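All remarks here apply to the structure that follows.
2 protein chains.
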Amino acid sequence: MLERFKVSPQYQVRVPEASLREVVAAIFEKMGESPEKASTAADTLVSADLRGISTHGVSVTLPVYLRYYRDGTIKANSQWTVLRDAPGVAVTDGGHGLGIITGPGAMRMAIEKARAVGTGVVTVVNSAHSGAIGHHAMIAARENMVGVAMTSAGMYMHPTFGSVTRFGTNPIAIAAPARHEAPFLFDAATTVIAGNKIQLARRVGGKMAPGWVAGRDGVPVMEEVEPLELGEHVPLPLGSTREGGSHKGYGLAMMVEVLTTLLSGVQASMFEDTRTDKHYFSAYDIAAFSDVDEFRDNMDRMLHTLMTTPPIPGHDRVVYPGLIEHEEEQDRRANGIPLHRDVVRWFEQMSSELGVPWLATVD
Amino acid sequence: MLERFKVSPQYQVRVPEASLREVVAAIFEKMGESPEKASTAADTLVSADLRGISTHGVSVTLPVYLRYYRDGTIKANSQWTVLRDAPGVAVTDGGHGLGIITGPGAMRMAIEKARAVGTGVVTVVNSAHSGAIGHHAMIAARENMVGVAMTSAGMYMHPTFGSVTRFGTNPIAIAAPARHEAPFLFDAATTVIAGNKIQLARRVGGKMAPGWVAGRDGVPVMEEVEPLELGEHVPLPLGSTREGGSHKGYGLAMMVEVLTTLLSGVQASMFEDTRTDKHYFSAYDIAAFSDVDEFRDNMDRMLHTLMTTPPIPGHDRVVYPGLIEHEEEQDRRANGIPLHRDVVRWFEQMSSELGVPWLATVD
């Protein structure tokens, strides 16, 4: 993550992973989720915080989820049902439950199908937010599979040259296991920056770089500016402008829309009155394609070569998707997860309001 | 395609599609391909020219292919063999034949698997150039499926901050059918511009815009420059710079590398002494996910809404991936395919050298 998004150390409070999991799960139980579902939800969110993906961690998502549980946009303890089923694919209905809970289940279903026929694809419609979708892709990687996840969510992206938003930030994630190296884990919006980054920048006082956002009118903002509310500023497709390749970011977002949404038999998200999320999960059983040990060794060789590639002047090193987050995770497991002190105060307020346990802090 | 890449009308000669197909197929037969394979090869190339994708049409690719046939890099009439097979997936070996020939066959195999279990994935290793991979994705779309194609080819992309190239331009294509509207057909390198665009710009006198290329040292060139030879200039990952999101273009290229190459049980392309291409083809049977008629109607509604989205000031209209190419195809089928007069001269030379038919021109 770029420096401009990081919480300044003076405002940081470190909390132990275990305590954060316990408190977050307890909050989900108070919202009406079963203990098992609450634990899955906490796992998805805290995993993001452990990896340093604050845009999808507890501080940004949890207050929004609570509002949606309360106004009924998110259904607690929702029914997850299979609409269509074939040996390699399934379409399911999330019953307006949180994708951070149905996501792991849907990926496990894709894994079972992949074990049977080599690859499996499971889509979910009528869902709510799926969190950092790389988390779901990693579930497959831990089973010696390649995992892919995509989500259609929100309505923030103007098509290139368009003055009306037509797509969400529609992220794509892929995970593949290695042997000794940190796994390959790519998870990125098809916009230049994730939508949540605009809100995060407002919180931490960061600015929008040229080519990151468009105004409400769809015109790319090509100078550095203070971020406005999400909606007044929306992220540009990856590539920023037509000349920079924004038609590719837009096309990738549309690919996500087709695979998550239209393939599932529902209208494109742009026609929805009430916003729902749609997800795509797929797993590729490495053993059906080649040899698992060889694959993992080949991954190691590629990953090691990438991370030891000589950098261009002015930079320390080359990284690959998942490496920094893996290093962050080692640090945070050992030393606690840094939260903004305002977030810790918010948790304190929740503990008194909802009667959930108090969040511990690292001394 | 941006104006800077177009052949100036004063240098254009229009040739009829049928004549171009005939001559190109005859050239492939002279290289040792069977009539059927030669016809498939011509179809892939001429389809690109029909759609206005000159970077992957006859003018750019054919002279290179002939050189490679002659030096043995491309094997004529190669054996295409299945290495691994499961109900939903297969790994195949292209026997160093051209991907523009094996590609359609591999996609058809993926389609058969999708018909059986809902989705099918077929990879090809030891292959040569696959042309515009959107062509292969469209084969699935014509069968009421969603088609995806990816290729690992070349060694042109520096990872973000890296001073050594580690990936090709690794394109991703997806096609999905509509009912009345032109199909959705996205086909794009994970670099800002395709590698061939650098060569094409050199031919037509176009310049490189800021953020399009890096020098051999990996440092992004952030001003407008004359293009150097491919290799001296290499395309930057989509996003151009870290702040512009180049880590996403790099990550997407790596996704392509994992799905085409490592999943097939071979080493990453960066370790190859002799360059081969690897491909990934997948098909999703729409009927296994939902209702085909409903899907096509839903596509129409989305596509129509995109193309009628009010544009931002200074632009005529909004398009979607595949629309301009579809319009181009209508024009070129009716009025002939515009080739640079130097390309027509090259064909004349081939006719006298190889004894293939002479290319007709449109009066």
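Taken in order, these protein sequences are the chains called A and B. For the first sequence, the working numbering assigns the number 1 to the initial residue and increments by one for each residue that follows. For the second sequence, the working numbering assigns the number 1 to the initial residue and increments by one for each residue that follows. Here a beta-carbon is modelled for each residue, glycine too, at the ideal position from N, C-alpha and C. Here the structure is a predicted model, which means the values were calculated and not measured.
| request: Give the C-beta separation of A/Ser78 and A/Gly99 to the nearest angstrom, bearing in mind that I take them to be a contact with Cβ-Cβ under 8 Å. | output: Reading the first sequence from its first residue, position 78 is the one you call residue 78 of chain A. Reading the first sequence from its first residue, position 99 is the one you call residue 99 of chain A. The Cβ separation is near 11 Å, so there is no contact.
| said: Mapping the DSSP letters down to three states, classify B/Ala128 as helix, strand or coil. | reply: Residue numbering aside, residue 128 of chain B sits at position 128 when the second sequence is read from its first letter. It is a strand residue.
| query | Going by Cα to Cα distance, which pick from B/Glu224, B/Glu36 and B/Glu229 is closest to B/Arg216? | reply | Taking the second sequence and counting its residues from 1, one reaches residue 216 of chain B at position 216. Proximity to B/Arg216 across B/Glu224, B/Glu36 and B/Glu229 peaks at B/Glu229, based on C-alpha coordinates.
| message | Can you check whether the C-beta of A/Tyr69 is within less than 9 Å of a C-beta belonging to chain B? | response | Numbered from 1 along the first sequence, position 69 holds the residue referred to as residue 69 of chain A. At a cut-off of 9 Å between beta-carbon atoms, A/Tyr69 makes no contact with chain B.
| field | B/Pro369 (DSSP reduced to helix, strand or coil) | value | Residue 369 of chain B falls outside the range modelled here, since chain B spans only 1 to 363, and no answer is possible.
| What residue range is occupied by the uninterrupted beta strand (DSSP E) comprising A/Asp402? | Chain A is shown from 1 up to 363; residue 402 of chain A falls before or after that span and cannot be answered.
| Cβ-Cβ distance between B/Val13 and B/Arg332 below 9 Å | Walking along the second sequence from the start, residue 13 of chain B turns up at place 13. Walking along the second sequence from the start, residue 332 of chain B turns up at place 332. Contact: no.
| Does the Cβ-Cβ distance between A/Val91 and A/Leu259 come in under 9 Å? | As a working mapping, residue 91 of chain A is identified with position 91 in the first sequence. As a working mapping, residue 259 of chain A is identified with position 259 in the first sequence. Not a contact, by the Cβ cut-off of 9 Å.
| said: Between A/Pro87, A/Met157 and A/Arg67, which has its C-alpha nearest A/Leu252's C-alpha? | reply: What you label residue 252 of chain A is simply residue 252 of the first sequence in a count that begins at 1. Each of A/Pro87, A/Met157 and A/Arg67 was checked against the Cα of A/Leu252, and the nearest Cα belongs to A/Met157.
| query | Taking 9 Å as the CB-CB cut-off, is A/His158 touching chain B? | reply | Translated into the one-based positions of the first sequence, residue 158 of chain A becomes position 158. It does; some Cβ of chain B falls within 9 Å.
| From A/Thr305, A/Gly244 and A/Ala26, residue whose alpha carbon lies closest to that of B/Phe271 | Within the second sequence, residue 271 of chain B is the residue found at index 271, counting from 1. The shortest Cα separation from B/Phe271 among A/Thr305, A/Gly244 and A/Ala26 belongs to A/Thr305.
| Length of the line joining the Cα atoms of A/His279 and A/Glu17 | Taking the first sequence and counting its residues from 1, one reaches residue 279 of chain A at position 279. Taking the first sequence and counting its residues from 1, one reaches residue 17 of chain A at position 17. A direct Cα-to-Cα measurement between A/His279 and A/Glu17 gives close to 28 Å.
| message | Would you say A/Thr151 lies against chain B (beta-carbon separation less than 9 Å)? | response | Here residue 151 of chain A is taken as the residue at index 151 of the first sequence, counted from 1. No, A/Thr151 does not count as interfacial toward chain B.
| If contact means a Cβ-Cβ distance below 9 Å, which residues of the segment 114 to 148 of chain B contact chain A? | From the segment 114 to 148 of chain B, only Ala114, Ala116, Val117, Gly118, Thr119, Gly120, Val121, Thr123, Val146 and Val148 have a Cβ closer than 9 Å to chain A.
| request: Please compile the residues from chain B whose C-beta is within a distance smaller than 7 Å of the C-beta of A/Val64. | output: For the purposes of this step, residue 64 of chain A is identified with residue 64 of the first sequence, where counting begins at 1. Here the premise fails: no neighbours, minimum Cβ distance about 24 Å.
| request: Return the residues of the segment 272 to 292 of chain B that lie within a Cβ-Cβ distance of less than 9 Å from chain A, sorted by chain order. | output: Of all residues in the segment 272 to 292 of chain B, only Ser282, Tyr284, Asp285, Ile286, Ala288, Phe289, Ser290 and Asp291 place a beta-carbon less than 9 Å from a beta-carbon of chain A.
| field | Opening and closing residue of the beta strand (DSSP E) in which A/Ala173 lies | value | The sequence position of residue 173 of chain A within the first sequence is 173, counting from 1. Segment Ile172 to Ala176, the beta strand (DSSP E) holding A/Ala173.
| task | Could you check the C-alpha separation between A/Ala140 and B/Val89 for me, to the nearest Å? | result | What you label residue 140 of chain A is simply residue 140 of the first sequence in a count that begins at 1. What you label residue 89 of chain B is simply residue 89 of the second sequence in a count that begins at 1. Between the alpha carbons of A/Ala140 and B/Val89 lies a gap of roughly 17 Å.
| Those runs of the alpha helix (DSSP H) which lie wholly inside the segment 244 to 331 of chain A and span at least 4 residues | As far as the segment 244 to 331 of chain A is concerned, its whole alpha helix (DSSP H) runs of at least 4 residues are 246 to 257, 286 to 289 and 292 to 307.
| Of the listed residues A/Met31, A/Asp85 and A/Val82, nearest to A/Arg67 (C-alpha basis) | As a first step, residue 67 of chain A is located in the first sequence; it is residue number 67 there, counting from the start. Checking every option, the nearest Cα to that of A/Arg67 belongs to A/Met31.
| request: Could you tell me which residues DSSP puts in a beta bridge with A/Met150? | output: As a working note, residue 150 of chain A is residue 150 in the first sequence. A/Ile172 and A/Tyr280, per the DSSP bridge assignment.
| message | Using C-beta distances below 8 Å, list every residue in its chain close to B/Thr151, excluding the 5 sequence neighbours before and after it, in chain order. | response | The sequence position of residue 151 of chain B within the second sequence is 151, counting from 1. Only residues of its own chain outside the window of five on either side were considered, and among them Gly99, Ser130, Ile133, Gly168, Asn170, Pro171, Val256, Thr260, Asp277, Lys278, His279 and Tyr280 have a CB closer than 8 Å to the CB of B/Thr151, listed in chain order.
| Members of the segment 254 to 269 of chain A that neighbour chain B once the beta carbon cut-off is set at 8 Å | From the segment 254 to 269 of chain A, only Met254, Met255, Glu257, Val258, Leu259, Leu262, Leu263, Ser264, Gly265, Val266, Gln267 and Ala268 have a Cβ closer than 8 Å to chain B.
| field | Cβ of B/Leu238 within 9 Å of any chain A Cβ | value | Within the second sequence, residue 238 of chain B is the residue found at index 238, counting from 1. It does: the Cβ of B/Leu238 has a partner Cβ on chain A nearer than 9 Å.
| message | Given this structure, state the Cα-to-Cα distance separating B/Ser246 from B/Pro237, to the nearest angstrom. | response | Counting from 1 along the second sequence, the entry for residue 246 of chain B is found at position 246. Counting from 1 along the second sequence, the entry for residue 237 of chain B is found at position 237. Approximately 5 Å, taken between the alpha carbons.
| message | DSSP three-state label for B/Thr123, please. | response | Within the second sequence, numbered from 1, the residue matching residue 123 of chain B stands at position 123. Looking at B/Thr123 - three-state DSSP - the assignment turns out to be strand.
| task | Compare the C-beta of B/Phe347 against all C-beta atoms of chain A and say whether one is closer than 9 Å. | result | The sequence position of residue 347 of chain B within the second sequence is 347, counting from 1. Not one chain A Cβ lies under 9 Å of B/Phe347.
| Cα separation between B/Ala173 and B/Ala288? | On the second sequence, position 173 is the one that residue 173 of chain B refers to. On the second sequence, position 288 is the one that residue 288 of chain B refers to. Taking the straight line from one Cα to the other gives about 21 Å.
| query | Leaving out five residues before and five after A/Glu223 in sequence, what residues of the same chain have Cβ atoms less than 7 Å from its Cβ? | reply | Here residue 223 of chain A is taken as the residue at index 223 of the first sequence, counted from 1. So the qualifying residues of the chain are Pro210.
| task | Tell me, please, which residues DSSP counts as bridged to B/Leu185. | result | Working through the second sequence from its first residue, we reach residue 185 of chain B at position 185. B/Leu185 pairs with B/Ala175.
| said: Against chain A, with Cβ distances strictly below 9 Å, would B/Glu327 count as a contact? | reply: Walking along the second sequence from the start, residue 327 of chain B turns up at place 327. Cβ-Cβ to chain A under 9 Å: no for B/Glu327.
| field | Close-in-space but distant-in-sequence residues of the same chain around B/Thr241 (CB under 6 Å, 5 per side omitted) | value | Taking the first residue of the second sequence as 1, we reach residue 241 of chain B at position 241. Closer than 6 Å at the Cβ level, and outside the excluded window around B/Thr241, lie Pro220.
| request: Would you mind stating whether B/Ala360 and B/Ser19 have Cβ atoms separated by less than 9 Å? | output: Within the second sequence, numbered from 1, the residue matching residue 360 of chain B stands at position 360. Within the second sequence, numbered from 1, the residue matching residue 19 of chain B stands at position 19. Cβ distance < 9 Å, so B/Ala360 and B/Ser19 count as in contact.
| message | Please report whether the beta-carbon of A/Val234 lies at a distance below 9 Å from any beta-carbon of chain B. | response | The residue you call residue 234 of chain A lines up with position 234 of the first sequence. Interface flag for A/Val234 against chain B is unset, since no Cβ pair is found closer than 9 Å.
| said: As an exercise, report each continuous alpha helix (DSSP H) stretch of at least 4 residues that is fully enclosed by the segment 49 to 88 of chain B, in chain order. | reply: Counting only runs of at least 4 residues, the segment 49 to 88 of chain B fully encloses the following alpha helix (DSSP H) elements, listed from N- to C-terminal order: 58 to 71.
| field | Span separating the alpha-carbon of B/Ala48 from that of B/Leu323 | value | Numbered from 1 along the second sequence, position 48 holds the residue referred to as residue 48 of chain B. Numbered from 1 along the second sequence, position 323 holds the residue referred to as residue 323 of chain B. Straight-line measurement puts the Cα of B/Leu323 at about 14 Å from the Cα of B/Ala48.
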